[in-house]
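There are 2 protein chains.
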Amino acid sequence: MTSDLDLDELRRSCGYCAIHDFRLPAGLSADDLHTLNATARDMLPLDRGQTLFPQGRKFGALYVVRAGALKTFVEGSEGDVQILGFHLPGDIMGIGGLINEHYPCTAQTLERSSVCELRYAQLQEATANLPALNHQLMRVISGALVDEQSHLVLMGKQQAQRRLAFFIRRMSDRYARLSRDPLALILPMSREDIANYLGLALETVSRLFGRMESAGVLSVNRKSVRILRRDLLDELCGGDIDMA
Amino acid sequence: MTSDLDLDELRRSCGYCAIHDFRLPAGLSADDLHTLNATARDMLPLDRGQTLFPQGRKFGALYVVRAGALKTFVEGSEGDVQILGFHLPGDIMGIGGLINEHYPCTAQTLERSSVCELRYAQLQEATANLPALNHQLMRVISGALVDEQSHLVLMGKQQAQRRLAFFIRRMSDRYARLSRDPLALILPMSREDIANYLGLALETVSRLFGRMESAGVLSVNRKSVRILRRDLLDELCGGDIDMA
DNA sequence: GCCGGGGTTTGACCACGGTCAAAACCGCGC
DNA sequence: GCGCGGTTTTGACCGTGGTCAAACCCCGGC
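Those sequence lines, one after another, are chains A and B. Each residue of the first sequence is one higher than the one before, starting from 421 at the first, in the numbering used here. Each residue of the second sequence is one higher than the one before, starting from 421 at the first, in the numbering used here.
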């Protein structure tokens, strides 16, 4: 990718990217875009199951999902795993690596994906000259933090059904923001991943999908989940802690 | 606080502050400190139980704890609460407010506290001229994110005993970094707060404290917790997911 | 001193969800 | 077509931790 890329092409390919979100008042100018583009000239295509960066690797860059889906997780010394998040196009990854110069988690694809690499050194240079970019970066990081908070809230909800309902609704909302059909979800992650993310057993997740299907809330077929009654789904979420 | 403050005094009063942590390679120069100091001229003293900022208030500033302790939490429409974190001296709060221009959570003191207010507008100006400060701010935010990840890991650990053990160890580590005695903790939060933070019932937390006391790991008396056998505590934490 | 109330501890009970196990299903290669 | 492996579903059982309830303790005010 050259830094002379025509702006329209750039908009098309990166229009949804969190870093220069045009819908925001803090959006960036065309010049800013070109500067940013120069720092992000690496587009990494990755197959399913590939590791973008492993936990412990020296920090060097932030990553933005362009297409596909990834998960980030931490792995304990005894092989126990906790999934931290699922990352869809526009999401940023790797910020946690700044504090200790090493990535605190692993990022791995859930399906064929394409990822934008923003070398931190170059990003730093770019932000020094572009206050708007700097602010935008802060906003994106803030968003990542709020996303995690929302994950935390979900883990705190005692009842398993609420957790799953909450999870599905969040996915639906995220799909909506990506202009995908928010009622016909194709979940890129396995039941095991969902269960781990929610702090449940995978059998429980499977059973809950079944229960919600009999209740007429969803129709479920493997990775494909259709929301039939959004109102009932909201009800299952219960006393709502909404954010983001 | 004037911006002509003598540097030593500044170091003494804010030396542990996350924003200009002298122990870090990215530490700031004396000049930087003065500039930063100008942006942070408000020191807020707060009584126990007071709200620093409520969920939903328009974003305007970041806050750094100078003394005391606070908790942040989100509140659902039906009054359900999830505590997101406990904040000790040096910790930053309020970053989540950047993304939507409103604080996504409430910050409330657990005891008499003093807090540093960093107006965001001024902070932005300051960072524009001080790359080192900007980087440092990024690092601090990254740290907050990793802290949350570690909370997430803790919520994912199935067994209640592990969660509490993990929690106590984290508190001990944080105390150590504040040069307090890491083996004689005075916990500023109630059992209810701990339970909520860990996603457990408060009775369970109480029982677990009891069990760990009989096991000779701790001696517990209300808010005072003494770690008698750090090795046993580590053992209870089990297959360790360590970060931060 | 006495009393009152919030936080904490302890007890008894039971249900939700975890665990183990087997079956079913689906995609994929041969 | 067939058979294999991984994922998902379903079933039976049981244990951890939640819920309800009462007792307790500590600190304050009077």
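Quick reminder that beta carbons are idealized off the backbone N, C-alpha and C, glycines included.
Cβ-based contacts, 7 Å cut-off: residues of the segment 575 to 598 of chain B near chain A: M575 and G576
Within 9 Å of any Cβ in chain A, is that where the Cβ of I647 (chain B) sits? no
Euclidean distance between Cα positions of P608 (chain A) and Q581 (chain A): 20 Å
Assign N692 (chain A) to buried or exposed, taking buried as 16 or more other Cβ atoms, counted over all protein chains shown, within 10 Å of its Cβ. Any answer about residue 692 (chain A) is impossible in this case: the structure gives chain A only from 421 up to 664.
Verify the CB distance criterion: does E612 (chain A) have a CB-CB separation below 9 Å to chain B? no
Spatial neighbours of P465 (chain A) within its chain, please: CB distance less than 7 Å, with the 5 preceding and 5 following residues excluded, ordered by chain position. S534
Around the Cβ of G516 (chain B), are there at least 16 other Cβ atoms within 10 angstroms (buried) or fewer (exposed)? buried
Closest residue to G636 (chain B) among B:K643, B:S626, B:L482 and B:I647 (Cα-Cα distance): B:I647
Tell me, please, whether the CB atom of V484 (chain B) is closer than 9 Å to any CB atom in chain A? no
C-beta atoms of V494 (chain A) and M513 (chain A) nearer than 9 Å: no
Is any beta-carbon of chain A found at less than 9 Å from that of T526 (chain B)? no
Output needed for E612 (chain A): all residues of its chain with C-beta closer than 8 Å, excluding positions within five of it in sequence on either side, in chain order. L622
Take I614 (chain B) and list the residues in its own chain whose beta-carbon comes closer than 6 Å to its own, dropping the five residues that flank it on each side. V625
Can you check whether the CB of L490 (chain A) is closer than 9 Å to the CB of S547 (chain A)? Note that residue 547 (chain A) corresponds to Thr in the displayed sequence, not to Ser. Against a cut-off of 9 Å, the Cβ pair of L490 (chain A) and T547 (chain A) comes out as no contact.
Have a look at the DSSP bridge pairing and note the partners of R646 (chain B). B:A604 and B:S639
When you check each C-beta in the segment 530 to 555 of chain A against every C-beta of chain B, which residues fall closer than 8 Å? Q544, T547, A548, P551, N554 and H555
Buried versus exposed, by CB contacts within 10 Å (16 or more), L605 (chain A): buried
Can you look up R539 (chain A) in the DSSP assignment and give me helix, strand or coil? strand
Pick from A:Q475, A:F479 and A:G499 that is closest to G658 (chain B), judged by C-alpha positions: A:G499
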